[in-house]
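Beneath this line is the structure, given in structure tokens, with notes to follow.
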Amino acid sequence: KQEVTQIPAALSVPEGENLVLNCSFTDSAIYNLQWFRQDPGKGLTSLLLIQSSQREQTSGRLNASLDKSSGRSTLYIAASQPGDSATYLCAVTSLDQTGANNLFFGTGTRLTVIP
Amino acid sequence: NAGVTQTPKFRVLKTGQSMTLLCAQDMNHEYMYWYRQDPGMGLRLIHYSVGEGTTAKGEVPDGYNVSRLKKQNFLLGLESAAPSQTSVYFCATSNGYSYEQYFGPGTRLTVT
């Protein structure tokens, strides 16, 4: 069964700092990897989707990389802002126990950007 | 364009009561999903549907049933609620497993 781990569980940084969030997964046979943002009491917002054939994706100050062979992804946030404070979730699409493709989530990294 | 909506937003049930959660989408997506989110466990897939009239079990299906009678709606039912079903429930949609998933705002359910 696919297991997704995110380290650290929580991170506090001063405003303006660049930071990296980590995600690892146990089964490298994935179709894609998705990074989400979740604000307290809210749903998930998709940030970036990387297909298995891609190495990275960029959106504004966000850059996500994927190394499928080592089972790792990183989310790089440049010039962090207080508005970036949220929980960031990593999820991979791979086969579940029934042989269907589904999304497996990590437990997230809670980011606090201090003004 | 509402995207993905969920009703109700909050609900408190007593053990043994039943209820239905509704997910509605106006994105014309084929796939719909129900997840539950519990502290320290991440999101786990309950049931999903790859099209109107189809449903399939996810990782944690026990105690739940689903129906997809119309493409735009996906219903999650609890026939006899248990305290272990206290959770936040999220619906999501996509155009296939290789595409982005879009999430609703969630339903916070407490079973006492």
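Chains E and P, in that order, are what the protein sequence lines are.
For the first sequence, the positions run 1 to 115 when the numbering used here is used.
For the second sequence, the positions run 1 to 112 when the numbering used here is used.
Positions of the beta carbon are idealized from the N, C-alpha and C atoms, including for glycine.
- Item | Buried or exposed by the 16-neighbour rule on C-beta atoms within 10 Å, applied to E:Ile50 | Mapped onto the first sequence, residue 50 of chain E falls at position 50. E:Ile50 comes out buried.
- Query: How about E:Gly83: is its C-beta nearer than 8 angstroms to some C-beta of chain P?
  - Reply: On the first sequence, residue 83 of chain E is found 83 positions in, with the first residue counted as 1. No, because no Cβ of chain P sits closer than 8 angstroms to the Cβ of E:Gly83.
- Message: Output needed for E:Gly131: all residues of its chain with C-beta closer than 7 angstroms, excluding positions within five of it in sequence on either side, in chain order.
- Response: It is not possible to answer for residue 131 of chain E, since the shown part of chain E is limited to 1 through 115.
- Given 8 angstroms, three or more beta-carbon pairs between the segment 36-55 of chain P and the segment 11-18 of chain P: no
- Item | Per-residue contacts from P:Glu59 into chain E (C-beta, under 7 angstroms) | Numbered from its first residue, the second sequence carries residue 59 of chain P at position 59. Here the neighbours are Asp96.
- Message: Let's see if you can read the secondary structure: which residues bound the beta strand (DSSP E) around E:Arg37?
- Response: Working through the first sequence from its first residue, we reach residue 37 of chain E at position 37. Where E:Arg37 is concerned, the enclosing beta strand (DSSP E) stretches over Ile30 to Gln38.
- Task: Compare the Cα-Cα distances from E:Ala64 to each of E:Cys90, E:Lys1 and E:Gly41 and report the closest residue.
- Result: Start at 1 with the first residue of the first sequence, and residue 64 of chain E comes out as number 64. Of E:Cys90, E:Lys1 and E:Gly41, the residue nearest in Cα terms is E:Cys90.
- Message: Which residue marks the beginning of the beta strand (DSSP E) containing P:Thr5, and which one marks its end?
- Response: Residue numbering aside, residue 5 of chain P sits at position 5 when the second sequence is read from its first letter. Where P:Thr5 is concerned, the enclosing beta strand (DSSP E) stretches over Val4 to Thr7.
- For P:Gln85, three-class secondary structure by DSSP: As a working note, residue 85 of chain P is residue 85 in the second sequence. Three-state result, P:Gln85: helix.
- Any C-beta of chain P under 8 angstroms from that of E:Ala32: What you label residue 32 of chain E is simply residue 32 of the first sequence in a count that begins at 1. Ala is not the amino acid found at residue 32 of chain E; the sequence shown has Asn there. Yes, E:Asn32 counts as interfacial toward chain P.
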